[in-house]
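S.K.:
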Amino acid sequence: MTVISVSVPEKLLERVENSIREQGFANRSEIIRQALRAFVMESRSLRELEGEIAASITIIYERGTKKGQISEIQHSFGDIISTYLHAHIEEDYCLEVIVVKGEADNLRKLVDAFRTSKHIDQIKVSILKTPKRPTP
Numbered sequence: 024m025t026v027i028s029v030s031v032p033e034k035l036l037e038r039v040e041n042s043i044r045e046q047g048f049a050n051r052s053e054i055i056r057q058a059l060r061a062f063v064m065e066s067r068s069l070r071e072l073e074g075e076i077a078a079s080i081t082i083i084y085e086r087g088t089k090k091g092q093i094s095e096i097q098h099s100f101g102d103i104i105s106t107y108l109h110a111h112i113e114e115d116y117c118l119e120v121i122v123v124k125g126e127a128d129n130l131r132k133l134v135d136a137f138r139t140s141k142h143i144d145q146i147k148v149s150i151l152k153t154p155k156r157p158t159p
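Residue numbering for the sequence shown follows the working numbering, beginning at 24 and increasing consecutively.
#1: What residue does the alpha helix (DSSP H) around A58 start on, and which one ends it?
#2: Indicate the three-state DSSP secondary structure (helix, strand or coil) for S28 in the structure shown.
#3: Let me know if V123 comes out buried or exposed under the rule of 16 or more other beta-carbons within 10 Å of its beta-carbon.
#4: Where does I112 land, buried or exposed, given buried means 16+ other C-beta within 10 angstroms?
#5: State the start and end residues of the unbroken alpha helix (DSSP H) segment that holds I43.
#6: Measuring straight from C-alpha to C-alpha, what distance separates G125 and V134?
#7: Work out the CA separation of Y84 and I146 for me, nearest whole Å.
#8: Does the beta-carbon of D115 have 16 or more other beta-carbons within 10 angstroms, so that it is buried, or is it exposed?
#9: Given a cut-off of 7 angstroms, decide if I104 and I121 are closer than it, judged by their beta-carbon atoms.
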């Protein structure tokens with residue numbers, strides 16, 4: 024097995040340690056391997072989508088994050104974002120649910136922009152392929 028080094032914020036490490044205890048993982052390496060497997064499977068599924076897609080994207084980020092940093096991404100994809108809901112959760116975190124409808128390629132680009140943003144703490148994508156309407 025290859026050994027890698029990963030830097031994580033202290034708060035995230037605390038949550039990882041709690042998950043290890045609560046869920047019975049053997050160690051940090053095992054929980055990280057499991058998370059990487061899930062990420063790869065979700066990414067593969069997203070890459071395989073074609074055509075028009077409807078989806079919801081849920082993101083969580085620290086409340087201190089400047090709103091402009093998140094809304095900049097949203098404005099770049101305004102053509103596929105139908106609406107969003109913003110809520111304050113816990114003391115230090117915000118949650119947004121973003122409803123999108125558009126071409127799969129644009130959805131992938133939006134999700135990639137959120138995933139690669141250092142400001143996003145968590146992201147979850149729920150995809151519904153838009154049903155085709157019968158032609159008259």
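Think of the CB as a built atom: it goes at the ideal place given N, C-alpha and C, for glycine as much as any other residue.
M.R.: This is what the structure gives:
#1: 51-71
#2: coil
#3: buried
#4: exposed
#5: 33-46
#6: 13 angstroms
#7: 9 angstroms
#8: exposed
#9: yes
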